[in-house]
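Undergrad:
Numbering (this note's numbering), first residue to last: 4 to 101.
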């Protein structure tokens with residue numbers, strides 16, 4: 004994300020006195036500046052791509068409760084972690100590291 008014209012960002016100020024100047028009209032109405040500032044924000048391609056992740060096909064993003072429940076049951080029974088699964092996991096981890 005890129006924010007431009009950020010030189011006009013200041014610390015928190017009291018909103019009541021934000022637009023008042025020494026040229027106050029005297030009737031309680033502040034004199035407002037006629038200067039127009041234009042800020043802009045741009046997002047990188049990566050940020051735009053990530054913002055679209057949740058908008059993908061609902062079929063691929065839906066939770067497969069049957070699989071979740073089966074895995075929960077296997078973990079509770081102590082049958083989920085097998086030596087073969089551990090070997091595969093360790094091999095995948097080693098491939099990422101090395």
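Ideal placement from N, C-alpha and C gives every residue a C-beta, glycine not left out.
1. Leaving aside the five residues before and after residue 83 along the sequence, list all residues of the same chain whose C-beta is less than 7 Å from its C-beta, in chain order.
2. In angstroms, rounded to a whole number, what distance separates the CA positions of residue 85 and residue 93?
3. Express the C-alpha separation of residue 39 and residue 53 in angstroms, rounding to a whole number.
4. Taking DSSP as the reference, what is the three-state secondary structure of residue 39?
TA: To lay it out plainly:
1. 74 and 77
2. 12 Å
3. 33 Å
4. Residue 39 falls in the coil class under three-state DSSP.
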